[in-house]
Amino acid sequence: MKFSIVIPAHNEEGCIASTLEKLIAAMKENPREFEIVVVNDHCTDNTAEIVSEIAKEHPEIRLVKNENVPGFGMAVRAGLDHFTGDAVTIFMADASDSPEDVNRYFDLIEKGAECVFGSRFIKGGKLIDYPVHKLVINRMANWMIRMVFRHGLNDTTNAFKCYRREVINGCRPLMSRHFNLTIELPLKTYLRGYKFEIIPISWTNRQHGISKLRIREMGSRYLFIMVYCWLEKWLTGKDYHRQ
């Protein structure tokens, strides 16, 4: 199998080099074919130039551009249009996710899992320097999603998840332009009949740059996707269910 890592990047010149170095080192500990697809999401700093320079030494790295409107969701969607692997994981440019957890995801995919979803809030999960106000909002949002959909996952909003190619194709069309894509993908995975495994993962707050997530702006967008997926569940029957 070939594995892909999609990294949406908007003005990440302070951390993208370190993130790529960590990923390359972790991935080369295992004898598997992989690629890293970095998506230039309308960067106005030197992110794209840094990635291009590193790619000269590491052909596993490819730089693509989000040709559509800017936004986290659009950048991820651009990466999902360009990856060539049999499975893909979405990895944050600030390396808040653990490269070692990427290998754990891919190990389970190789053993037959259709999707692997990490949780920072189950036994074995780990949080380092998570802002308290974001933690409170995160837990409330994830509790609400879990109560509505009863899918057994308590960390739906985390982008760091892994999907086989056929799952990504089965979840299309994707609607979200922003961070609400982080719940659209796993909810559609569940509603359309794909199976996922849950493992504990670790998360570390970024050391460089600023977070692109604006909680106040995202509330209505998350709610829109929740309602959209709820309507699919109750009004379309098996129209979009896996064949």
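With numbering that gives the first Met the number 0, the residue at position 15 of the sequence shown is 14, and numbering never jumps.
Think of the CB as a built atom: it goes at the ideal place given N, C-alpha and C, for glycine as much as any other residue.
Per DSSP, the bridge partner or partners of residue i
{"i": "PHE243", "result": "Because the chain here runs from 0 to 242, residue 243 falls outside it and cannot be looked at."}
{"i": "ALA24", "result": "Beta-bridge pairing links ALA24 to no other residue."}
{"i": "LEU62", "result": "VAL37"}
{"i": "PRO7", "result": "VAL38"}
{"i": "ALA86", "result": "PHE2, ARG163"}
{"i": "GLU32", "result": "LYS1"}
Whole-Å CB distance - residue i paired with residue j, under 8 Å assumed
{"i": "LYS122", "j": "PRO199", "result": "6 Å"}
{"i": "PRO30", "j": "PHE71", "result": "The Cβ separation is near 32 Å, so there is no contact."}
{"i": "GLY124", "j": "SER118", "result": "6 Å"}
{"i": "ASN65", "j": "ALA74", "result": "5 Å"}
{"i": "GLY182", "j": "THR155", "result": "In the sequence as displayed, the identity of residue 182 is Ile instead of Gly. At roughly 5 Å, the Cβ-Cβ gap stays under 8 Å, so ILE182 and THR155 are in contact."}
{"i": "ALA92", "j": "THR188", "result": "Actually they do not touch by this definition, with Cβ atoms about 23 Å apart."}
{"i": "MET0", "j": "GLU109", "result": "6 Å"}
{"i": "ILE60", "j": "VAL37", "result": "7 Å"}
{"i": "SER3", "j": "PHE82", "result": "4 Å"}
{"i": "PHE116", "j": "PHE195", "result": "5 Å"}
{"i": "CYS14", "j": "ALA94", "result": "6 Å"}
Cβ-based neighbour list, residue i, same chain, cut-off 8 Å, excluding 5 preceding and 5 following
{"i": "LEU79", "result": "VAL5, VAL87, ILE167, LEU173"}
{"i": "TRP229", "result": "VAL147, PHE148"}
{"i": "ASN45", "result": "GLU12"}
{"i": "ASP128", "result": "THR203, ASN204"}
Per-residue burial, residue i [other beta carbons within 10 Å of its own, 16 or more giving buried]
{"i": "TRP142", "result": "exposed"}
{"i": "LEU126", "result": "exposed"}
{"i": "ASN204", "result": "exposed"}
{"i": "MET225", "result": "buried"}
{"i": "LYS27", "result": "exposed"}
{"i": "LEU134", "result": "exposed"}
{"i": "GLY151", "result": "exposed"}
{"i": "GLY236", "result": "exposed"}
{"i": "LEU180", "result": "buried"}
{"i": "ALA24", "result": "exposed"}
{"i": "LEU62", "result": "buried"}
{"i": "LEU186", "result": "buried"}
{"i": "LEU234", "result": "exposed"}
{"i": "GLU34", "result": "buried"}
{"i": "HIS9", "result": "buried"}
{"i": "PHE101", "result": "Going by the sequence as given, residue 101 is Val instead of Phe. Buried."}
Spatial neighbours of residue i in its chain, beta-carbon cut-off 7 Å, leaving aside the 5 residues before and after
{"i": "TYR193", "result": "GLU113, CYS114, VAL166, GLY169, ARG241"}
{"i": "HIS177", "result": "GLY70, PHE71, GLY72, MET217, ARG220"}
{"i": "GLU231", "result": "LEU190, TYR239"}
{"i": "ALA140", "result": "THR156, TYR221"}
Bounding residues of the alpha helix (DSSP H) (the contiguous stretch that carries residue i)
{"i": "GLU48", "result": "46-56"}
{"i": "PRO185", "result": "180-190"}
{"i": "ILE108", "result": "98-109"}
{"i": "LEU79", "result": "71-81"}
Residues of its chain near residue i, where Cβ-Cβ distance is below 6 Å and the 5 sequence neighbours each way are ignored
{"i": "ASP96", "result": "PHE90, PHE159"}
{"i": "ALA16", "result": "ILE49"}
{"i": "ARG76", "result": "LEU173"}
{"i": "ARG164", "result": "ASP85"}
Enclosing beta strand (DSSP E) for residue i [first to last residue]
{"i": "VAL135", "result": "Taken as a continuous stretch (DSSP letters only), VAL135 belongs to no beta strand (DSSP E), being part of the alpha helix (DSSP H) at 131-148."}
{"i": "LEU126", "result": "125-127"}
{"i": "THR235", "result": "Unbroken run through THR235: none, as it is neither H nor E."}
{"i": "THR203", "result": "201-203"}
Within-8 Å CB hit, residue i to chain C
{"i": "ILE35", "result": "Looking for chain C here will not work: only one protein chain is present."}
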